[in-house]
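Below is one structure, written out as structure tokens; comments come after it.
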Amino acid sequence: MKNIKIEIKWAIAFAVMTLVWMLLEKLCGLHSTYIDKHATYTNFIAIPAITIYVLALLDKRKNFYNGKMTYQQGLKSGIIITLLYTPLSPVTQAITSLVITPEYFPNATNYAINLGMMSETEAKEYFTLKNYIIQGLIGAPIMGIITTLIVALFTRKN
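Just add 14 to the spot in the sequence shown (first one is 1) and you have the working numbering.
So this is what it looks like as structure tokens:
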């Protein structure tokens, strides 16, 4: 446990960042008034997400590896963060959908139907907590590993 203390801290920080981002999206109207812009602006979560991975690996390098870290060590640390965050993603999705922005699914459903992007049945099946949890459980490890592969290159120091 002591060996992954830093990773635990950053996995939790990632979960908190996700919730804060969702709250900001809601406050900016991306889940209601400006839902037509949601698909574009939600991608900007990549900026704080990558930043967290950079800070996490720099923290690991400085405070665990005494200022030096190989690519493999950075890769291992980032993958551990990803593995720790992945089971938290359903929790963050549930908090987002049930507490922060319960109106998102109905609004997104109506938007998709009105635009003719989906039939009513398709939209109601797609915009559900269950579907978003599944997407998160698939997307979190994929994006976490891709991010780790890149960030570990820039945070290594021999």
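Ideal placement from N, C-alpha and C gives every residue a C-beta, glycine not left out.
- Using a Cβ distance threshold of 8 Å, I66 and E21 do not count as a contacting pair.
- The shortest CA-to-CA distance from I18 to any of I59, L41, F58 and D73 is the one to D73.
- About 3 Å separates the beta carbon of T162 from that of G92, a gap short enough to meet the 8 Å contact definition.
- Between S103 and A154 a beta carbon distance of about 5 Å is seen, short of the 8 Å cut, so the two are scored as contacting.
- The C-beta distance from Q107 to G158 rounds to 15 Å, too long to meet the 8 Å contact threshold.
- With 16 or more other Cβ atoms inside 10 Å of its own Cβ, A126 counts as buried.
- Going by beta carbons, I59 and W35 fall inside the 8 Å limit.
- The beta carbon of Y85 is closer than 7 Å to those of A166, L167 and R170 in its chain, skipping five residues each way along the sequence.
- In this structure G88 is buried. Its beta-carbon is surrounded by 16 or more other beta-carbon atoms within 10 angstroms.
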